[in-house]
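Enquirer: Here it is, the structure, as structure tokens.
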Ligand code: 9YT
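Structure (structure tokens):
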């Protein structure tokens, strides 16, 4: 069994920071669960464009307020605590954080922790040895 606290992983290799977000990875590929589990903060007042072409991602908003734009069909959705979205079609999308957002994210396949967003807002497909 794996038991891990957010307070133990902040400022370790399980935390990845970008200009508009910080992602704390409670589970990574090396944990061999078949998915990764992230507690992610999207900074207030930021806009992030993403396109996860190699991963499926589900995101559950637990704090904050923002807008999710689906760039594949032009639809916009309000994000508040209790909203979930799942990118089951690898949709290109934009997150606008009107307030700081806290999101619980699951990636399949799991991220290894070494990925960074490329110019398209995608993560490369990396695997653990
Ligand atoms: C919600 C979202 O996609 N944020 C970008 C960071 C990513 N989810 C991650 O690695 O946690």
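Residue numbers (the working numbering): 2 to 130. The beta carbon of each residue, even a glycine, is placed where N, CA and C say it ideally should be. For clarity, every value in this text was computed on a predicted model and none was experimentally measured.
(1) I'd like to know if the segment 100-107 and the segment 64-79 are in contact, where contact means that at least 3 CB-CB pairs between them fall below 8 Å.
(2) Here's the rule I'm using: 16 or more other beta-carbon atoms within 10 Å means buried, otherwise exposed. How should residue 117 be labelled?
(3) Do residue 52 and residue 20 have their CB atoms nearer than 8 Å?
(4) My output table needs one value for residue 77: the three-state DSSP class, helix, strand or coil.
(5) Can you find a CB in chain D that lies within less than 8 Å of the CB of residue 67?
(6) Is any non-hydrogen atom of ligand 1 found closer than 7 Å to the C-beta of residue 51, if you look at the structure I gave you?
(7) Are three or more beta carbon pairs between the segment 47-61 and the segment 70-86 nearer than 8 Å?
(8) Just to confirm before moving on: does the CB-CB distance between residue 26 and residue 112 stay below 8 Å?
(9) Can you tell me which residues form a DSSP beta bridge with residue 50?
(10) Within 10 Å of its beta-carbon, does residue 43 have 16 or more other beta-carbons around it, so buried, or fewer, so exposed?
(11) State the start and end residues of the unbroken beta strand (DSSP E) segment that holds residue 63.
(12) Between residue 117 and ligand 2, is the CB less than 7 Å from at least one heavy atom?
(13) In its own chain, which residues sit with a C-beta less than 8 Å from the C-beta of residue 125, not counting the 5 before and 5 after it?
(14) Taking 7 Å as the cut-off, is the beta-carbon of residue 84 closer than that to any non-hydrogen atom of ligand 1?
Expert: A quick look at the data gives this:
(1) Yes, since at least three Cβ pairs between the segment 100-107 and the segment 64-79 fall closer than 8 Å, the two stretches touch.
(2) Against the chain shown, residue 117 aligns to sequence position 116. Residue 117 is exposed by the Cβ-count criterion.
(3) By one-based count along the chain shown, residue 52 stands at place 51. By one-based count along the chain shown, residue 20 stands at place 19. The Cβ atoms of residue 52 and residue 20 do not sit closer than 8 Å to each other.
(4) Taking the first residue of the chain shown as 1, we reach residue 77 at position 76. Residue 77 falls in the strand class under three-state DSSP.
(5) This model lacks chain D altogether, as it is built from one protein chain only.
(6) What you label residue 51 is simply residue 50 of the chain shown in a count that begins at 1. Yes.
(7) The answer is yes - the segment 70-86 touches the segment 47-61, with three or more Cβ pairs under 8 Å.
(8) Residue numbering aside, residue 26 sits at position 25 when the chain shown is read from its first letter. Residue numbering aside, residue 112 sits at position 111 when the chain shown is read from its first letter. Going by C-beta atoms, residue 26 is nearer than 8 Å to residue 112.
(9) For the purposes of this step, residue 50 is taken as the residue at position 49 of the chain shown. In DSSP, residue 50 forms a bridge with 95.
(10) What you label residue 43 is simply residue 42 of the chain shown in a count that begins at 1. Flag for residue 43 reads buried.
(11) If you number the chain shown from 1, residue 63 lands on position 62. 57-64 is the span of the beta strand (DSSP E), which, as asked, contains residue 63.
(12) As for ligand 2, it is missing from this structure, which binds only ligand 1.
(13) To locate residue 125, count along the chain shown from 1; it is residue 124. Within the same chain, residue 125 has close Cβ partners 55, 116, 119.
(14) Taking the chain shown and counting its residues from 1, the one referred to as residue 84 is at position 83. It does not: the Cβ of residue 84 is nowhere closer than 7 Å to a heavy atom of ligand 1.
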